[in-house]
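Residue numbers (this note's numbering): 5 to 67.
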């Protein structure tokens, strides 16, 4: 059977999830965001875990 299986799509999603989150996150900006993107792209989940530990959540300015 040719084509992409559901398991291949799930694995692709698992690989891309940290990269997408870093790109869309407001935890970092500008060059720092690009640096974190590269780190997560190269080291995948290890880089993503470090990203979550090192960066601070965005402050809510509506308080």
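Ideal Cβ positions, reconstructed from N, Cα and C, are used throughout, including at glycine.
Could you check if residue i is buried or exposed, using at least 16 other CB atoms within 10 Å of its CB as the buried criterion?
| i | result |
| --- | --- |
| residue 26 | buried |
| residue 58 | exposed |
| residue 40 | buried |
Which of the three DSSP states, helix, strand or coil, is assigned to residue i?
| i | result |
| --- | --- |
| residue 48 | helix |
| residue 63 | coil |
| residue 7 | coil |
| residue 33 | coil |
Please tell me whether residue i and residue j are closer than 8 Å, where the distance is taken between their beta carbons.
| i | j | result |
| --- | --- | --- |
| residue 6 | residue 30 | no |
| residue 54 | residue 22 | no |
| residue 24 | residue 48 | no |
Which one of the options has the shortest CA to CA distance from residue i?
| i | options | result |
| --- | --- | --- |
| residue 36 | 8, 60 and 11 | 60 |
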